[in-house]
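Quick note, the sequences are listed as chains S and V, same order. Quick note on numbering: the first sequence equals residues 34 to 389 in the working numbering. Quick note on numbering: the second sequence equals residues 22 to 359 in the working numbering. Beta carbons: idealized from backbone N, C-alpha and C, even for Gly. What you are looking at is a predicted structure, and each value in this text was computed from that prediction instead of being measured. I have placed the structure first, in the form of structure tokens, so that the comments after it can refer back to it.
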Amino acid sequence: MGKLIVSSLKLLYRDKQALFWALAFPVIFAVIFGLFDFTDVPDVDIAVVVEEGSPVSEGLLDGLGEIDAFSVTSLRSLDVARDELVKGYWDVVLGVPAAAPGQPLLLFVLYNETNFETNQFAISAIERLAGVMNLQIAGVDPPPVAVESRGIAGKSVEYYDFLLPGLVAMGVMNFSIIGMSVAISRFREQRILKRILATPLRPVKFLTAQVVARLALALVQAALILAVGVYVFGANLYGNVLWLFALATVANLIFLNLGFAVAGRAANPDAAQGIANAVALPMMFLSGVFFPTETLPEVMQVVVRYLPLTPLIEAMRTVAIDGESILRTGPQLALLGAWVAVSFAIAARNFRFARA
Amino acid sequence: MSATTRPGEREARPTGSAEAEGGASREPAVEVVDLEKTFPAPGGGTLTAVDGVSFSVARGEVFGFLGPNGAGKTTTLEIVEGLQSPTAGVTRVLGLDSHRDRNRMKERIGVQLQAGAYFDYLTLEEILDLFGSFYPRQVAPEALLDKVGLLDKRKALVKQLSGGQAQRFSIVASLVNDPEVVFLDEPTTGLDPQARRNLWDLVQAIHDEGTTVVLTTHYMEEAEFLCDRVAIIDNGRIQALDTPLELIHGLPAAYRIVFATHQDVNDGELAALPGVVEVASPANGAATHELRVSRAQVTLPSFLDWASGRGVEVDDVRVLPATLEDVFLSLTGRSLRE
Numbered sequence: 034m035g036k037l038i039v040s041s042l043k044l045l046y047r048d049k050q051a052l053f054w055a056l057a058f059p060v061i062f063a064v065i066f067g068l069f070d071f072t073d074v075p076d077v078d079i080a081v082v083v084e085e086g087s088p089v090s091e092g093l094l095d096g097l098g099e100i101d102a103f104s105v106t107s108l109r110s111l112d113v114a115r116d117e118l119v120k121g122y123w124d125v126v127l128g129v130p131a132a133a134p135g136q137p138l139l140l141f142v143l144y145n146e147t148n149f150e151t152n153q154f155a156i157s158a159i160e161r162l163a164g165v166m167n168l169q170i171a172g173v174d175p176p177p178v179a180v181e182s183r184g185i186a187g188k189s190v191e192y193y194d195f196l197l198p199g200l201v202a203m204g205v206m207n208f209s210i211i212g213m214s215v216a217i218s219r220f221r222e223q224r225i226l227k228r229i230l231a232t233p234l235r236p237v238k239f240l241t242a243q244v245v246a247r248l249a250l251a252l253v254q255a256a257l258i259l260a261v262g263v264y265v266f267g268a269n270l271y272g273n274v275l276w277l278f279a280l281a282t283v284a285n286l287i288f289l290n291l292g293f294a295v296a297g298r299a300a301n302p303d304a305a306q307g308i309a310n311a312v313a314l315p316m317m318f319l320s321g322v323f324f325p326t327e328t329l330p331e332v333m334q335v336v337v338r339y340l341p342l343t344p345l346i347e348a349m350r351t352v353a354i355d356g357e358s359i360l361r362t363g364p365q366l367a368l369l370g371a372w373v374a375v376s377f378a379i380a381a382r383n384f385r386f387a388r389a
Numbered sequence: 022m023s024a025t026t027r028p029g030e031r032e033a034r035p036t037g038s039a040e041a042e043g044g045a046s047r048e049p050a051v052e053v054v055d056l057e058k059t060f061p062a063p064g065g066g067t068l069t070a071v072d073g074v075s076f077s078v079a080r081g082e083v084f085g086f087l088g089p090n091g092a093g094k095t096t097t098l099e100i101v102e103g104l105q106s107p108t109a110g111v112t113r114v115l116g117l118d119s120h121r122d123r124n125r126m127k128e129r130i131g132v133q134l135q136a137g138a139y140f141d142y143l144t145l146e147e148i149l150d151l152f153g154s155f156y157p158r159q160v161a162p163e164a165l166l167d168k169v170g171l172l173d174k175r176k177a178l179v180k181q182l183s184g185g186q187a188q189r190f191s192i193v194a195s196l197v198n199d200p201e202v203v204f205l206d207e208p209t210t211g212l213d214p215q216a217r218r219n220l221w222d223l224v225q226a227i228h229d230e231g232t233t234v235v236l237t238t239h240y241m242e243e244a245e246f247l248c249d250r251v252a253i254i255d256n257g258r259i260q261a262l263d264t265p266l267e268l269i270h271g272l273p274a275a276y277r278i279v280f281a282t283h284q285d286v287n288d289g290e291l292a293a294l295p296g297v298v299e300v301a302s303p304a305n306g307a308a309t310h311e312l313r314v315s316r317a318q319v320t321l322p323s324f325l326d327w328a329s330g331r332g333v334e335v336d337d338v339r340v341l342p343a344t345l346e347d348v349f350l351s352l353t354g355r356s357l358r359e
């Protein structure tokens, strides 16, 4: 059995091209997403049209310039500014009319209705600025009520931290469903399964060696993705990596079973590749690798919750982000356990070592 | 345990047919009784691949199945090897039922499948070592590779071998357990004549060590050269079974007299010569004539008398024995190559 496992590992390891794609695909994802910067504050482009310069308008421009998220541009014509707002050049246009004696200076803000968050942020900032200036002009200085805000160092969870466990889960799934079904299908095509059947070796031993080899290599892949994420792109990993590996291995049994089922149905390796992709791709997009499943329509969430990749990703995030023990992922583990049994039944029904 | 020596009680090849088998205590190498195999046909109904085949192979024999593609050779072989189950009938190897005693049988046989069947990314040495580990006893990979002149390729992958080398490897890989019976399915299909000759030498070497060899082929030269006995199979039935020589001598015309002439020849006169069974006239313009005759030594003198008496100048006169191809033709009315 030992010799068989070592041979299976050699087969995986020496097929460099297949190995590269199996291992590198999710790592490439980890790199690409690592290059994006998801932490930027919204950048608001403001055009300011001042009809007649005054100390008030000067103060306003200075105040806007001090807000980091604003990039302020002065324009001469309100018509041009409005035009360009419609075209989407500006998020907000601030009009400062000429001051009429005895009248309050009425600032007006034009905003693009399609961009709600940016507008609210910009309008409230402008209102706050006007309030401060009113108090100053009224001679109330220092202002009677002041706010001092202090940041408390809390746990920082960014999109990339959310994404990384998803990528690990996706990598395991693809490596096993696609990799296993294509490999077994190729063994069948090359008559290796039949050749094995002509020896006293029990077929289940041959398959077990394949499974063990793939479980091991999947962990190498998971380690690789996590290493790139944490050491190259500084992802935060709060939980115990060993729990992640344990989860990956349990779920991998499901994916390997599905791989066997696909290999049992596919006429040849190309067909296996196609069917395996049809099984894996929907899960990759639906089960929350890239986005929380809560963003899906509710009807779909009901179904998606029970796909095998979903509880794996949820459990992995509970461990990786919340820093919880694997014991806190009871419902997910139960679902994964059920899937191990169900997928084994599916595989047993669809996979035959030899075709009569 | 790694035993490379052959058990002493195994004897050298018997010279006769299956009946020349030793004492009653020794079962034949292979015994097949009333074997049938049907498959569901694609358009409904059933397709009969093997239709009542019975034969037995003596220990130490080289036994061949000769027949065209689709005749049922491979199906028969795979049922005997325990790879497919029969629809009806019994197959035994070394006295063990191919299906009920499958695992004990597998330990004592070697199987070479029609094509390839080895891992892409293991070296020759690793494949032999791995397959050897499936058996209670195994032959050292070096010894096996040496036997087929591939010792210097021990670190090579199968895909780095030539067609002939790969085929030699696939045969030697069926010997990892020092089997008592070896099954070779079309061992030389697709090889060039030189590589085929090499393989014949290998099969004979295996045979000389006392191993029983059961092979299939659709090359009549191969069956004639290698096999002690040949079963001619067509449409799932054994049409004839005997030594190649007996099969040929069993033909009404066991010889051919071939000659060339540019003169007009009366076929009727040739047909009237003693011992002539059939006259094959040349197609338009060709000069070569062929007489199928039962006994060449009777026909030849009268043929030469006829030629000199008629003033026919004959050239390139040859007497050829009939071949298994002729046997197949006379049994089935078709050529093997069809």
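8 Å Cβ cut-off: residues of chain V touching residue i
i: S:L44; result: F140, D141, Y142, L143
i: S:Q408; result: The requested residue 408 of chain S does not occur in the structure, where chain S is confined to residues 34 to 389.
Within 9 Å, strictly: CB atoms of residue i and residue j
i: V:V298; j: V:L321; result: no
i: V:I148; j: V:V169; result: no
i: S:A55; j: S:F103; result: no
i: S:S209; j: S:A294; result: no
i: V:A216; j: V:G184; result: yes
i: V:N198; j: V:V160; result: yes
i: V:V235; j: V:H228; result: no
i: S:N14; j: S:V113; result: As displayed, chain S neither begins before 34 nor continues past 389, which places residue 14 of chain S out of reach and without an answer.
i: V:Y240; j: V:A343; result: no
i: S:L252; j: S:A353; result: no
i: S:A322; j: S:L196; result: The sequence given here places Val at residue 322 of chain S; Ala does not occur at that position. Cβ distance < 9 Å, so S:V322 and S:L196 count as in contact.
i: S:Y339; j: S:G262; result: no
i: V:I130; j: V:V54; result: no
i: S:M166; j: S:V89; result: yes
i: V:G93; j: V:D72; result: yes
i: V:P107; j: V:D255; result: no
i: S:V215; j: S:A305; result: yes
i: S:P236; j: V:K127; result: no
i: V:T238; j: V:F280; result: no
Exposure of residue i, with buried meaning 16 or more beta-carbon neighbours within 10 Å
i: V:L68; result: exposed
i: V:A45; result: Summary for V:A45: the model assigns pLDDT 43, below 50, so the residue's position carries little reliability; its value from the coordinates is reported in the next sentence. When all chains shown are included, V:A45 counts as exposed.
i: V:G354; result: exposed
i: S:T362; result: buried
i: V:K180; result: exposed
i: S:I65; result: exposed
i: S:L230; result: buried
i: S:S40; result: buried
i: V:G153; result: buried
i: V:D222; result: exposed
i: V:K176; result: exposed
i: S:A374; result: exposed
i: V:Q186; result: buried
Interface partners of residue i on chain S, CB under 7 Å
i: V:F155; result: T232, P233, L234
i: V:F152; result: T232
i: V:E128; result: P233
i: V:N90; result: Neighbours of V:N90 on chain S: none; closest Cβ ~17 Å, over 7 Å.
Cβ separation of residue i and residue j, assumed to be a contact under 8 Å, to the nearest whole Å
i: V:G85; j: V:V251; result: 5 Å
i: V:T96; j: V:A70; result: 4 Å
i: V:V224; j: V:P208; result: 7 Å
i: S:M213; j: S:R247; result: 6 Å
i: S:G267; j: S:E357; result: At roughly 22 Å, the Cβ-Cβ gap does not stay under 8 Å, so S:G267 and S:E357 are not in contact.
i: V:V15; j: V:I259; result: Past the boundaries of the shown model lies residue 15 of chain V; chain V is included only from 22 to 359, so the question cannot be answered.
i: S:A80; j: S:L97; result: S:A80 to S:L97, Cβ: 11 Å. No contact.
Bridge-paired residues (DSSP) for residue i
i: S:F149; result: Looking at the DSSP assignment, S:F149 forms no beta bridge with any residue, so it has no partner.
i: V:V114; result: V:V51, V:L117
i: V:P61; result: V:T67
i: S:E117; result: Answer by DSSP bridge pairing: none, since S:E117 is not bridged.
i: S:Y339; result: Partner(s): none; S:Y339 has no beta bridge.
Under 7 Å by beta carbon: chain V residues contacting residue i
i: S:S40; result: L143, E147, L151
i: S:R382; result: Here the premise fails: no neighbours, minimum Cβ distance about 20 Å.
i: S:R47; result: Y142
Residues that residue i contacts on chain V, provided the C-beta gap is smaller than 9 Å
i: S:A300; result: By Cβ distance, chain V contributes nothing, its closest Cβ being about 14 Å from S:A300, past 9 Å.
Chain-ordered neighbours of residue i on chain S, where CB pairs are closer than 9 Å
i: V:L104; result: K227, L230, A231, A387
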